[in-house]
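J.: Read top to bottom, the protein sequences are chains P and B.
Just add 1 to the spot in the first sequence (first one is 1) and you have my numbering.
Just add 1 to the spot in the second sequence (first one is 1) and you have my numbering.
Just passing along the structure, written as structure tokens.
There are 2 protein chains.
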Amino acid sequence: MLSIKKPTLLINIDICKQNIHNMAAGAREQKVIFRPHFKTHQSATIGEWFREEGVSAITVSSVSMAQYFAKHGWDNITIAFPVNLLEIEEINLLASEINLQVLIESEQVAGFLSEKLRSACGFFIKIDTGYHRTGVKPSNIQLIDSILHTADPLKLNFKGFLTHSGNTYQAADRNEIFQIQQITAENLLRLKKHYLDRYPDLIVSVGDTPTCSQLPVVTGIDEIRPGNFVFFDVMQFTLGSCRLADIAVALICPVVAVHPNRNEAVIYGGAVHLSKENILLTPDPKPVYGLAVGWDGENWDTATLLGKVSGLSQEHGILTLTQAGCNLKPGMLVAVLPVHSCLTSNLMRKYTGLDGSVIETIHTWPA
Amino acid sequence: MLSIKKPTLLINIDICKQNIHNMAAGAREQKVIFRPHFKTHQSATIGEWFREEGVSAITVSSVSMAQYFAKHGWDNITIAFPVNLLEIEEINLLASEINLQVLIESEQVAGFLSEKLRSACGFFIKIDTGYHRTGVKPSNIQLIDSILHTADPLKLNFKGFLTHSGNTYQAADRNEIFQIQQITAENLLRLKKHYLDRYPDLIVSVGDTPTCSQLPVVTGIDEIRPGNFVFFDVMQFTLGSCRLADIAVALICPVVAVHPNRNEAVIYGGAVHLSKENILLTPDPKPVYGLAVGWDGENWDTATLLGKVSGLSQEHGILTLTQAGCNLKPGMLVAVLPVHSCLTSNLMRKYTGLDGSVIETIHTWPA
């Protein structure tokens, strides 16, 4: 029985390891490289659970994360974020120590790195296959050629093309995720075909949890880089990527007030714990910041929905209660399944196992 | 010249001290108690700047914050959050050491504290004057009486009525803020009149930055508890509480990519730095997560709007550029004024002064 007094992020290690196993086994069966994104958990301990599944290469989204995981024995890391030129010293140090890959999407950055890198480094050209956040349009062969021309081959080893189809997060259903996957694959495979003669070792890399958890990998895609699946969350549930029972983390929160006249309870658990990420759960017109389920002191119970988190301020969460939540009273605890586990994890900074063990992260690891 | 390589939360100490001075001087002139909310900055160092203005009593929103500030010499603290019964041990310890006030809004909590408190503690009855987050309806005299009847006077000293008009954050203009202020004051003053005979020392306490920064205090109100004004932010600017030049914190972010074809730049600075708090800046139909202004290495310049943060993922921010922002290039830095400084400060965990000095907070203070 855990003694919890204030908002605490719990992890169900069995569920988490099962999620890792499922994705790793799927990649093995389909013979694609599994390079999981570690930005969701940001924990060296959880990283070890991937190693047990044979994972040896990872993805991160900052130089700081690359430094942290390199320190914890990971020697093959892709930083899936546009190169931050201001961190060239840190990149140089990493490139001298591990197999590092960076993303390039402009001639300027290719030129800068060609001049400033002291150790060879791999690079992918980031392709924008529809998300429109970063990357080169797949039709822009001229820019791709000029990046390849600018990149000094003694410093920069071209690894291939990489995309992140974050637009799947806006998909209405699995069919739309499938459509996005097809467009993504067509674009990458066309580029692969175009450049394979010149770069016979090039690979193409995709990676978003909705696609990777719901659909088989398209033939010809070489690498997948999903991250969120390690925990899943309410957003992935609504996208069809997981069951509620597959969500591996929950924020345990004290109930501090009840307002039966408006079917609400107030929990100690706010924007500084869950984050303000929210989703619409149709037909409800109001955004939801989490789902509150039962907590018996040992396990949370996704079969008992007690309420939706319908509002958040800094430390307060407002639960709009279901029938099952009407008996909540101050002093009781509920388990909140987060809308976006990456942001909740980042805010909470560490995990507590159901056995009370503490799992450190980049934020808390003793120096 | 500061050397900044990755997202860094800067504080302009002069602006911050001026904001503190303005609010403290206003309270002095109006002869009301100024009990600032410290949840925005969460820093003992910044707390000292309030002491220089004669502040000796503060507001916090969690037992943890009360512990932190008590350790740093504050001996009169109101925890403006419904009592978390699970932290009764911590509350007992605090009540034995300092003048502590808590909020009560139910008989259950009044009964629990009457039974479990070992040291006397002050309490306010939380009144809901229209925000509908927590509190007793001002018309519910029956509940107020039963709380007062249940509270053991040897353990619980009744201090008065307290409200937070968070509904001012939804106000369309200053007139609506004025209307909310009037309703709030009417309700509290009616209660004050009703109970003053029985409790001649009772006070009524209000506190939200939009009201306190824009309007004189209504006669009869005894205490104000604003918090956000210490930094202000884009939300307060849009509400009319401050000028852009009064915002005391800015997140300095590297530019990592530019996409001139869609007038966008990508910055290293995302939801884990700014938070996903956003606002609508009419007539723009899309939410805004921050305003990017110029940064010359020594100061930010609110007169030069470079872009709006129109999208955020974990580490990425998307800037929709103004004409002035069209020359941004990877490797340059911009200053982002946050939409909600409380959440950005909480995420960034510490502040860097323009002189490079580091200001610790509850999250980073050496144990």
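We put the CB at the ideal spot given by N, CA and C, even for glycine.
As the structure is a computational prediction, the values presented were derived from the model and not from experiment.
(1) Return the CA-CA distance between E278(P) and V340(P), expressed in angstroms with no decimal places.
(2) Excluding the 5 residues preceding and the 5 following Y69(B) in the sequence, name in chain order all residues of the same chain whose CB lies nearer than 6 Å to its CB.
(3) Between the region 160-173 of chain B and the region 207-227 of chain B, are three or more C-beta pairs nearer than 8 Å?
(4) For I78(P), which residues in the same chain have their Cβ closer than 8 Å to its Cβ, ignoring the five residues on either side in sequence?
(5) Can you find a C-beta in chain P that's less than 8 Å from the C-beta of L95(B)?
(6) Under 8 Å, Cβ to Cβ, is there at least one residue of chain P near N52(B)?
(7) Check S115(P) in the structure and name its three-state DSSP category.
(8) Helix, strand or coil, according to DSSP, for C243(B) in the structure here?
(9) Can you confirm whether the region 170-183 of chain P touches the region 83-95 of chain P when touching is taken to mean that 3 or more C-beta pairs between the two stretches lie within less than 8 Å?
(10) Can you tell me whether DSSP reads D129(B) as helix, strand or coil?
(11) My guess is that I21(P) and V231(P) are in contact by the Cβ rule of under 8 Å, so how many angstroms apart are they, rounded?
(12) So what does DSSP say about I142(B), is it helix, strand or coil?
(13) Under 8 Å, Cβ to Cβ, is there at least one residue of chain P near C167(B)?
(14) Please state the DSSP three-state secondary structure of V137(B).
(15) Please list, in chain order, the residues of the region 98-128 of chain B that have any C-beta partner in chain P closer than 8 Å.
(16) Starting from P255(B), find everything on chain P with Cβ-Cβ shorter than 7 Å and list it in chain order.
(17) Since Y352(B) and L10(B) are thought to touch, with beta carbons under 8 Å apart, how far apart are those beta carbons, to the nearest angstrom?
(18) Can you find a heavy atom of the ligand NAD that lies under 7 Å from the Cβ of W301(P)?
(19) State buried or exposed for R36(B), treating a residue as buried only when at least 16 other CB atoms are found within 10 Å of its CB.
(20) Give me the DSSP bridge partner(s) of Q102(P).
(21) Does DSSP classify K309(B) as helix, strand or coil?
(22) Closest Cβ-Cβ distance between H317(P) and chain B: below 8 Å?
(23) Have a look at V267(B), G354(B), R350(B), E299(B) and flag the residue whose alpha-carbon is nearest the alpha-carbon of S311(B).
(24) So, using beta-carbon positions, are F125(B) and K156(B) closer together than 8 Å?
(25) Tell me which same chain residues have a C-beta within less than 6 Å of the C-beta of A25(P), skipping the five on either side of it?
(26) Can you list, in chain order, the residues of its chain whose CB lies under 7 Å from that of D385(B), leaving out five sequence neighbours each side?
(27) By the 7 Å beta-carbon criterion, what residues does the region 186-218 of chain B contribute toward chain P?
(28) Since A293(P) contacts V359(P) with CB under 8 Å, what's their CB separation in whole angstroms?
(29) Kindly identify the DSSP beta-bridge partner or partners of W301(B).
(30) Which of the three DSSP states, helix, strand or coil, is assigned to C327(B)?
(31) So, helix, strand or coil for S342(B), using DSSP?
(32) Using a 10 Å radius around the Cβ and a threshold of 16 neighbouring Cβ atoms, would you call R119(B) buried or exposed?
(33) In angstroms, rounded to a whole number, what distance separates the CA positions of T220(P) and I128(P)?
(34) Compile a chain-ordered list of the residues in the region 259-290 of chain P whose CB is closer than 9 Å to at least one CB of chain B.
(35) Pull up the distance between the alpha-carbon of F113(B) and that of D285(P), whole angstroms please.
(36) Looking only at C-alpha atoms, which of D223(P), S107(P), K40(P), N300(P) sits nearest to P261(B)?
T.: With the structure as the only source:
(1) Here residue 278(P) refers to the residue found at position 277 of the first sequence. Here residue 340(P) refers to the residue found at position 339 of the first sequence. If you take the alpha carbons of E278(P) and V340(P), they lie about 6 Å apart.
(2) For the purposes of this step, residue 69(B) is taken as the residue at position 68 of the second sequence. Within the same chain, I363 come within 6 Å of Y69(B) by CB-CB distance, once the 5 residues on both sides are set aside.
(3) yes
(4) As a working note, residue 78(P) is residue 77 in the first sequence. Spatial neighbours of I78(P) in its own chain (CB-CB distance under 8 Å, excluding positions within 5 residues in sequence) are listed in chain order as A58, I59, T60, V61, A67, F70, A71, L95, I99, N100, L101, Q102.
(5) Indexing the second sequence from 1 puts residue 95(B) at position 94. It does not; no Cβ of chain P falls within 8 Å.
(6) Translated into the one-based positions of the second sequence, residue 52(B) becomes position 51. Note that residue 52(B) is Arg in the sequence shown, not Asn. Chain P contact via Cβ: absent.
(7) The residue given as residue 115(P) occupies position 114 in the first sequence. Helix, per DSSP.
(8) Translated into positions along the second sequence, residue 243(B) becomes position 242. Assigned with DSSP and collapsed to three states, C243(B) falls in coil, not helix or strand.
(9) Too few Cβ pairs lie closer than 8 Å, so no.
(10) Taking the first residue of the second sequence as 1, we reach residue 129(B) at position 128. The answer is coil: DSSP assigns D129(B) none of H, G, I, E or B.
(11) Translated into the one-based positions of the first sequence, residue 21(P) becomes position 20. Translated into the one-based positions of the first sequence, residue 231(P) becomes position 230. About 6 Å; that satisfies the 8 Å criterion.
(12) Counting from 1 along the second sequence, the entry for residue 142(B) is found at position 141. I142(B) falls in the helix class under three-state DSSP.
(13) Start at 1 with the first residue of the second sequence, and residue 167(B) comes out as number 166. Going by the sequence as given, residue 167(B) is Gly instead of Cys. Yes - at least one Cβ of chain P is within 8 Å of the one on G167(B).
(14) Looking up residue 137(B) in the second sequence gives position 136. Of the three classes helix, strand and coil, the one that applies to V137(B) here is strand, per DSSP.
(15) Here the close residues are E106, S107, Q109, V110, F113.
(16) Along the second sequence, read from residue 1 onward, the residue named residue 255(B) stands at position 254. The contacting residues are N85, L87.
(17) In the second sequence, residue 352(B) corresponds to position 351, counting from 1. In the second sequence, residue 10(B) corresponds to position 9, counting from 1. Going by Cβ atoms, the distance from Y352(B) to L10(B) rounds to 6 Å, so yes, they are a contact pair.
(18) No copy of the ligand NAD occurs in the structure displayed, which carries no ligand at all.
(19) Numbered from its first residue, the second sequence carries residue 36(B) at position 35. Result: buried.
(20) Sequence index remark: in the first sequence, residue 102(P) carries index 101 (1-based). In DSSP, Q102(P) forms a bridge with T79(P), G123(P).
(21) In the second sequence, counting from the first residue as 1, residue 309(B) sits at position 308. Three-state DSSP puts K309(B) in a strand.
(22) Looking up residue 317(P) in the first sequence gives position 316. Yes, because at least one Cβ of chain B sits closer than 8 Å to the Cβ of H317(P).
(23) Within the second sequence, the letter at position 310 stands for residue 311(B). Checking every option, the nearest Cα to that of S311(B) belongs to V267(B).
(24) As a position in the second sequence, residue 125(B) is number 124, starting the count at 1. As a position in the second sequence, residue 156(B) is number 155, starting the count at 1. No.
(25) Along the first sequence, read from residue 1 onward, the residue named residue 25(P) stands at position 24. Hits under 6 Å: F35, E54.
(26) One cannot answer for residue 385(B) here, as it falls past the ends of chain B, which runs 2 to 368.
(27) none
(28) Mapped onto the first sequence, residue 293(P) falls at position 292. Mapped onto the first sequence, residue 359(P) falls at position 358. That belief does not hold up - the Cβ atoms of A293(P) and V359(P) are roughly 24 Å apart, past 8 Å.
(29) Here the question's residue 301(B) lines up with position 300 in the second sequence. DSSP lists W296(B) as partners of W301(B).
(30) Stepping through the second sequence from its first residue, residue 327(B) is reached at position 326. In the structure shown, C327(B) sits in coil (DSSP, three-state: anything other than H, G, I, E or B).
(31) Taking the first residue of the second sequence as 1, we reach residue 342(B) at position 341. Helix, per DSSP.
(32) Walking along the second sequence from the start, residue 119(B) turns up at place 118. With fewer than 16 Cβ atoms within 10 Å of its Cβ, R119(B) is classed as exposed.
(33) Locating residue 220(P) in the first sequence gives position 219, counting from the first residue. Locating residue 128(P) in the first sequence gives position 127, counting from the first residue. Near 18 Å, if we compare the C-alpha coordinates of I128(P) and T220(P).
(34) Residues of the region 259-290 of chain P with a Cβ closer than 9 Å to any Cβ of chain B, in chain order: V259, H260, N262, R263, E265, V267, Y269, G271, A272, V273, S276, K277, E278, N279.
(35) Within the second sequence, numbered from 1, the residue matching residue 113(B) stands at position 112. Within the first sequence, numbered from 1, the residue matching residue 285(P) stands at position 284. Going by the C-alpha atoms only, they are around 36 Å apart.
(36) As a first step, residue 261(B) is located in the second sequence; it is residue number 260 there, counting from the start. Of D223(P), S107(P), K40(P), N300(P), the residue nearest in Cα terms is S107(P).
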